[in-house]
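Terminal number for the sequence shown in our numbering: 177, no gaps in between. To start, the structure under review is shown below, and the notes come after it.
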Amino acid sequence: MTQKVLTPKEAVARLASYCATSEHAPLELLRKLQRWGIEGDEAKEIVEQLKAEGFVDERRFAVAFVRDKYRFNGWGPLRLRDELRRLRVPSRYIDEALAELEDGEHSSPREQVQTMLRKKLRTLPPSLEKRKVKDRLMRYGLYRGYEYEDVREAVGYLMEEDEI
């Protein structure tokens, strides 16, 4: 199945509609344009036009991305930073978004990792050795992007509470 190649004007209209519904990184838009057969300078010009018209804003995207992935996916600061870097969001916007996360109404990463590990613990088989449970919780917390010390502290707390 071949996809119809869009004209630049059609692409701008489609992307404007797409960006009006949710925040998107410029890299995501460039990839979408590439799938539509628009590449190179022409694609970059379209993204710049959308930025100028206010449809695309990397700072807004970073804040929304951090807020949503932290709240709904349980990602920690390290994973959030890595994912935003993959999307080529400038460091200053990443730092601002993560700072808002710490200052905002959300629970702190330490509280978040403890809650997340408690939920994960309920999914592990009760017959599992304590050492293996601890290892799995550590791996899970680190994979989710939390600081080693925060994960270690949360696992230690769960062990003290005899939940493990």
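Yeah, the Cβ is synthetic: ideal placement off N, Cα and C, and Gly gets one too.
On the CB-based measure, 16 or more other CB atoms within 10 Å of its CB, does residue i come out buried or exposed?
i: Arg98; result: exposed
i: Glu162; result: exposed
i: Phe68; result: buried
i: Phe85; result: exposed
i: Met14; result: The predicted position of Met14 is uncertain, since its pLDDT is 45 and thus under 50; no value can be drawn from it.
i: Gly154; result: buried
i: Ala112; result: exposed
i: Arg101; result: exposed
i: Ala33; result: exposed
So, helix, strand or coil for residue i, using DSSP?
i: Gly50; result: coil
i: Asp70; result: coil
i: Val25; result: helix
i: Thr20; result: coil
i: Leu137; result: coil
i: Ser30; result: helix
i: Ala38; result: coil
i: Pro122; result: helix
So, are the CB atoms of residue i and residue j less than 9 Å apart?
i: Gly158; j: Pro90; result: yes
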